Amino acid sequence: MKLYYKPGACSLAAHIVANEAGLPVALEQVDLAAKKTQDGGDYFAVSPNGYVPALALPEGDVLTEASVVVQYLADQKPQSGLMPAAGSYERYKAQQWLAFVSTELHKNFGVFFRPDSTDAAKATNKALLEKRLAYVDGQIAEKTYLLGDVFTAADAYLFTVLRWAGYAGVSVPGNVARWFKAVADRPAVNKALVEEGLA
Ligand SMILES: N[C@@H](CCC(=O)N[C@@H](CS)C(=O)NCC(=O)O)C(=O)O
22 MKLYYKPGAC SLAAHIVANE AGLPVALEQV DLAAKKTQDG GDYFAVSPNG YVPALALPEG
82 DVLTEASVVV QYLADQKPQS GLMPAAGSYE RYKAQQWLAF VSTELHKNFG VFFRPDSTDA
142 AKATNKALLE KRLAYVDGQI AEKTYLLGDV FTAADAYLFT VLRWAGYAGV SVPGNVARWF
202 KAVADRPAVN KALVEEGLA
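Note that the working numbering gives residue 41 to position 20 of the sequence shown, counting from 1, and the numbers run on in steps of one.
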């Protein structure tokens with residue numbers, strides 16, 4: 022398998038899950054501005070929408086969408102607990118968090134990275150993101166990780182998008198900050214940050 026990524030982008034979630042699972046995933050960096058792969062190839066030929074993450078599978082297909090790529094990787098090592106078993110109620114809770122991170126957080130951070138975004142749009146999204154993080158704060162008040170005691174792919178995705186909070190000027194409440202530190206301290210997470218040149 023090969024993961025197409027940009028350092029610090031949402032592809033970091035897949036990278037973390039691959040490391041947590043101990044999967045042999047090759048990494049290829051993408052120049053998202055030029056839409057070129059590390060070896061100079063056309064990234065649109067890999068992934069027609071031109072965004073990361075993209076996971077090239079041995080069978081030849083390419084899987085995209087961060088919330089799905091992390092599940093695929095986790096399911097390669099079910100014993101890792103990175104995703105609960107398919108069909109279990111816990112699986113739906115993990116998917117609830119993945120959908121929440123994707124649609125309520127990830128997408129709303131996008132405005133801070135687009136050069137044509139207005140200050141008004143940024144202010145609107147900052148307020149919305151802080152409201153959503155207040156919800157997360159309440160949900161994890163009594164927990165180590167989003168689902169309880171076990172680190173899952175949902176934590177990897179939330180950690181990835183929350184790394185952008187400082188850049189965006191979005192305030193992170195206390196329980197979320199405590200959770201963020203616990204995730205950052207995990208060896209597999211740190212390894213991914215080092216491998217992407219971020220630590
Ligand atoms: N729908 C995609 C969106 C992925 C996405 O927004 N990727 C960003 C980096 S975090 C990207 O590659 N942006 C460059 C572009 O869209 O041209 C997903 O959920 O994975």
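Glycine included, each C-beta is placed from N, C-alpha and C at the ideal position. Only a predicted model underlies this, so the values are computations on that prediction, with no experimental measurement involved.
Short of 8 Å from the beta carbon of A42, and not among the five residues preceding or following it, lie these beta carbons of its own chain, in chain order: L94, A95, Q97, K98, S101, L103. Rounded to the nearest angstrom, the gap between the Cα atoms of A148 and E86 is 26 Å. Close CB contacts of S88 within its chain, under the 6 Å cut and outside five residues either way in sequence, are with L119, S123 (chain order). Counting other Cβ atoms within 10 Å of its Cβ, L24 reaches 16 or more and is therefore classed as buried. Put simply, of E151, F134, T165 the residue whose alpha carbon is nearest the alpha carbon of V193 is E151.
For V51, the secondary structure class from DSSP, reduced to helix, strand or coil, is strand.
Short note on T85: C-beta closer than 8 Å to some heavy atom of ligand 1. Beta-bridge partners of G169 (DSSP): Y166. Excluding the 5 residues flanking it on each side, L219 has same chain C-beta neighbours closer than 7 Å at P28, G29, in chain order. Comparing C-alpha distances from L126 to each of K56, G62, A186, A55 shows the shortest one belongs to A186. P74 has its CB nearer than 8 Å to a heavy atom of ligand 1.
Counting the other CB atoms within 10 Å of its CB gives S109 a total below 16, which places it among the exposed residues. Counting other Cβ atoms within 10 Å of its Cβ, F172 reaches 16 or more and is therefore classed as buried.
A residue is called buried once 16 or more other Cβ atoms fall within 10 Å of its Cβ, and Y72 is buried on that count.
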